[in-house]
Amino acid sequence: MGKTICEEITRFVLESPANRHPESVNPYFDAPLIGFAAIGDPLFLEYKRIIGDYHLTPLELLESASGPLRKVEGTVICWILPISFKTRASNRGQKRWPSREWAYTRNYGELFNNLLREHMVKFLTNIGQRGVAPILTGGWHMVKTSEGLSSSWSERHAAYAAGLGTFSLNDGFITERGVAHRCGSVITDLVLPSSLRPYRGRVGNCLFYDKGQCGACIARCPADAISGDGHDKKKCYLYTYREITGAVGKEYCVDAVGCGLCQTGVPCESAIPVGKR
Ligand code: SF4
Ligand code: SF4
Numbered sequence: 009m010g011k012t013i014c015e016e017i018t019r020f021v022l023e024s025p026a027n028r029h030p031e032s033v034n035p036y037f038d039a040p041l042i043g044f045a046a047i048g049d050p051l052f053l054e055y056k057r058i059i060g061d062y063h064l065t066p067l068e069l070l071e072s073a074s075g076p077l078r079k080v081e082g083t084v085i086c087w088i089l090p091i092s093f094k095t096r097a098s099n100r101g102q103k104r105w106p107s108r109e110w111a112y113t114r115n116y117g118e119l120f121n122n123l124l125r126e127h128m129v130k131f132l133t134n135i136g137q138r139g140v141a142p143i144l145t146g147g148w149h150m151v152k153t154s155e156g157l158s159s160s161w162s163e164r165h166a167a168y169a170a171g172l173g174t175f176s177l178n179d180g181f182i183t184e185r186g187v188a189h190r191c192g193s194v195i196t197d198l199v200l201p202s203s204l205r206p207y208r209g210r211v212g213n214c215l216f217y218d219k220g221q222c223g224a225c226i227a228r229c230p231a232d233a234i235s236g237d238g239h240d241k242k243k244c245y246l247y248t249y250r251e252i253t254g255a256v257g258k259e260y261c262v263d264a265v266g267c268g269l270c271q272t273g274v275p276c277e278s279a280i281p282v283g284k285r
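According to the working numbering, the sequence shown is numbered sequentially starting from 9.
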């Protein structure tokens, strides 16, 4: 059944007309990476300590959406949607604002990601299983913390549990297909074999954390939001949602513009950096 789930996610990404830039055949996303984590994986309880009490476990999300489970069994199905070559290339030369293609991917590409979430919930329901997309439930909410905005379900932390990559200096998530992507997940009572976590530690794919080298994303950030100490969420948020949106949101005709300058033109843009593979 794991193979069938992977095939269905991949088919939807490759075939859906919603995964296309307006007036273009260029897709927002290439074929996905897919991983599975058990809903009872202790890492999800640990996230309450690492992220905050407000971060929900898969069990809490699944039970609040569909009632108590008889056994704590099930799977978090996670995917990474790698941003296509043309879009990444268009953002590489940008110095202050993201390219139009990047902004379309952030805005319309994320709407496509929601369609994929809904599609997989329906797919699971049609085969007689429970399914819930955490980001689309009423229980999902943003949380203000002293470090900046957080949320009650982190797609990247779920993807880490599912062995799809590791975190990075710029607060991104470096996968086999790099750091330039969107990610998503659904939770189900269907039991699937958990994916291996083949990486060394939570930041093993980042050259800066693992080898004290690189730091290319520091120089790419126009908001001075990245340093050797990490990523300043508040600075990043203000730049992305106020300055950039104010500067080019109208011109691009999108609500969510994104930024992603630190995810393009860097060694981890589209792969685990050389020396770390
Ligand atoms: S650009 Fe270099 S330092 Fe920054 S996240 Fe990528 S590998 Fe890490
Ligand atoms: S997304 Fe933009 S503002 Fe935020 S850290 Fe990256 S380059 Fe800086």
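By construction, the Cβ of each residue, glycine as well, lies at the ideal position given by its N, Cα and C atoms. Quick caveat: nothing in here was measured; it's all calculated off a predicted structure.
Nearest-angstrom beta carbon gap, S203 and F44 [assumed within contact, 8 Å]: By a beta-carbon distance limit of 8 Å, F44 contacts S203. Their separation comes to about 5 Å.
By Cβ distance below 7 Å, which residues in the same chain neighbour G273 in space, the five residues on each side in sequence not counted? Around G273: R100, R228.
So what does DSSP say about P142, is it helix, strand or coil? Three-state DSSP puts P142 in a helix.
For N134, count neighbouring C-beta atoms within 10 Å of its own C-beta (all shown protein chains included) and say buried if the count is 16 or more, exposed if not. Exposed: under 16 other Cβ atoms inside 10 Å.
Nearest-angstrom beta carbon gap, G147 and L69 [assumed within contact, 8 Å]: Beta-carbon to beta-carbon, L69 and G147 are separated by about 6 Å, close enough to satisfy the 8 Å threshold.
Figure out for me which residue from E109, W105, S158 has the closest Cα to the Cα of V33. Considering only alpha carbons, the answer is E109.
Looking at C-alpha atoms only, which residue of C214, D61, G268, A255 is the closest neighbour of V151? Ranked by Cα distance from V151, the options C214, D61, G268, A255 are led by D61.
Per DSSP, which residues does I42 bridge with? Please list them. DSSP output for I42 lists W87 as bridge partner(s).
The region 50-61 touching the region 125-143, judged by at least three CB pairs closer than 8 Å: Segments in contact, no.
Extent of the continuous beta strand (DSSP E) run through M150: First-last of the beta strand (DSSP E) with M150: 150-153.
Let's test the definition: count the other Cβ atoms within 10 Å of the Cβ of P35 and tell me whether it reaches 16, buried, or not, exposed. By the Cβ neighbour-count rule, P35 is buried, with 16 or more other Cβ atoms within 10 Å of its own.
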